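Shown next, in structure tokens, is the structure this report addresses.
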Amino acid sequence: MAATTQILREVLVELKGVTVRPPPVEGGRAVEGVDWQLARGEWWVVGGGTWSGKSDLLATMAGLVPPEAGAYFLFGRNVEVLDEDELVRQRLRVGLVFENGGRLFHHLTVSENVALALGYHRNLDAAAAATASAEVLELLGLTHMADALPSRIGRPSRQRAALARALALKPEVLLLDNPLGGLDWRQTAWWIELLAVLAAGHPFLDGQPLTIAVAVDDFCPWRSEGGQFAMIKEGRWQALGGRDTLDATREPALRELMAAG
Numbered sequence: 084m085a086a087t088t089q090i091l092r093e094v095l096v097e098l099k100g101v102t103v104r105p106p107p108v109e110g111g112r113a114v115e116g117v118d119w120q121l122a123r124g125e126w127w128v129v130g131g132g133t134w135s136g137k138s139d140l141l142a143t144m145a146g147l148v149p150p151e152a153g154a155y156f157l158f159g160r161n162v163e164v165l166d167e168d169e170l171v172r173q174r175l176r177v178g179l180v181f182e183n184g185g186r187l188f189h190h191l192t193v194s195e196n197v198a199l200a201l202g203y204h205r206n207l208d209a210a211a212a213a214t215a216s217a218e219v220l221e222l223l224g225l226t227h228m229a230d231a232l233p234s235r236i237g238r239p240s241r242q243r244a245a246l247a248r249a250l251a252l253k254p255e256v257l258l259l260d261n262p263l264g265g266l267d268w269r270q271t272a273w274w275i276e277l278l279a280v281l282a283a284g285h286p287f288l289d290g291q292p293l294t295i296a297v298a299v300d301d302f303c304p305w306r307s308e309g310g311q312f313a314m315i316k317e318g319r320w321q322a323l324g325g326r327d328t329l330d331a332t333r334e335p336a337l338r339e340l341m342a343a344g
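Read the sequence shown against the working numbering and you will find it ends at 344, with the numbers running on by one and no gaps.
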């Protein structure tokens, strides 16, 4: 009998029957019925319209906001049983890049924003943090902006700086909230190409493939690289499958997310 090889998925982040509700002051709607496993080496693209709840879902995946209902597992461990120190250690294995400029500290330079994260979370001294900051800024083509304040550079560059801050901690999982918003085709191509290189395993990450999940309002730029797709429709999570699904479906909500193409 021929031997069969079963490829086991290593699930890094998992939501089971989760409901995510936005803060009352922000508006938007809850996302319910989320059953999502993010496994090592996968690249997920999650689509949804404005105020659909996709940003809140990413915040929950990153461990920043607890779910209203359901179970949340981070690297195989139910976060409800983790003490605060262990939860922080596990959360540092997940990077999150916020949308609209990445929520940088505007009183710090680009380099200082990155170095602050390294000093605080990795206990690096000022010199070591500055060296590590310079390395990741060079990787992302931001060396010439290292000493600039975020308010003095454009939003596309601020978004790159936010990516630098997340990558500096060398996460195993990277979550990105609408990173292509407002970008032209050249900038869009830069992001897609860089993420593809990171997903394949870049020397900066010691050759380890980066696991990626992106929340988007347009599937089109991601069709060539995304491996698994899902969408949020009327407050419900809906896993779609691989990229072939995007071409085959006639689901109106999905067609809207591909309208730009």
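C-beta atoms are modelled at their ideal positions from N, C-alpha and C, and glycine is treated no differently. The model shown is predicted, which means the values in this text are computed figures rather than measured ones.
Between residue i and residue j, is the Cβ-Cβ spacing less than 8 Å?
i	j	result
isoleucine 75	glycine 136	It is not possible to answer for residue 75, since the shown part of the chain is limited to 84 through 344.
alanine 200	leucine 252	yes
glutamate 317	asparagine 261	no
leucine 165	glutamine 173	yes
leucine 220	alanine 229	yes
glycine 111	glycine 153	no
methionine 144	leucine 258	yes
alanine 336	serine 138	no
glutamate 308	leucine 266	no
asparagine 196	alanine 142	no
glutamine 242	glycine 159	no
threonine 271	leucine 263	yes
valine 177	proline 239	no
Could you tell me the alpha carbon to alpha carbon distance between residue i and residue j, rounded to whole angstroms?
i	j	result
leucine 175	threonine 133	28 Å
aspartate 118	histidine 189	37 Å
glycine 116	glutamate 339	22 Å
aspartate 301	alanine 313	12 Å
proline 149	valine 103	8 Å
alanine 283	valine 128	16 Å
glutamate 334	tryptophan 305	18 Å
glycine 344	asparagine 206	Low per-residue confidence applies at glycine 344: pLDDT is 49, beneath 50, and the placement is therefore not dependable enough to give any value.
leucine 140	arginine 123	19 Å
glycine 130	glycine 324	13 Å
phenylalanine 156	glycine 290	26 Å
valine 256	proline 233	25 Å
proline 107	alanine 215	39 Å
threonine 192	alanine 249	16 Å
leucine 293	alanine 322	21 Å
isoleucine 236	leucine 246	15 Å
aspartate 327	arginine 269	26 Å
Looking only at DSSP bridge pairs, what is residue i linked to?
i	result
tryptophan 127	Ala296 and Gln311
phenylalanine 156	Glu97 and Asn161
tryptophan 320	Ile315
Measure how close the beta-carbons of residue i and residue j come, nearest whole angstrom, since I'm counting them as under 8 Å.
i	j	result
glycine 202	alanine 209	7 Å
glutamine 311	glutamate 97	Glutamine 311 to glutamate 97, Cβ: 14 Å. No contact.
valine 114	tryptophan 320	6 Å
glutamine 120	valine 94	5 Å
Measuring only from the beta carbon, is residue i closer than 7 Å to any heavy atom that is part of the ligand HEM?
i	result
leucine 250	As for the ligand HEM, it is missing from this structure, which has no ligand bound.
Decide if the region 216-232 is in contact with the region 149-169; the criterion is three or more beta carbon pairs, one per stretch, under 8 Å apart. no
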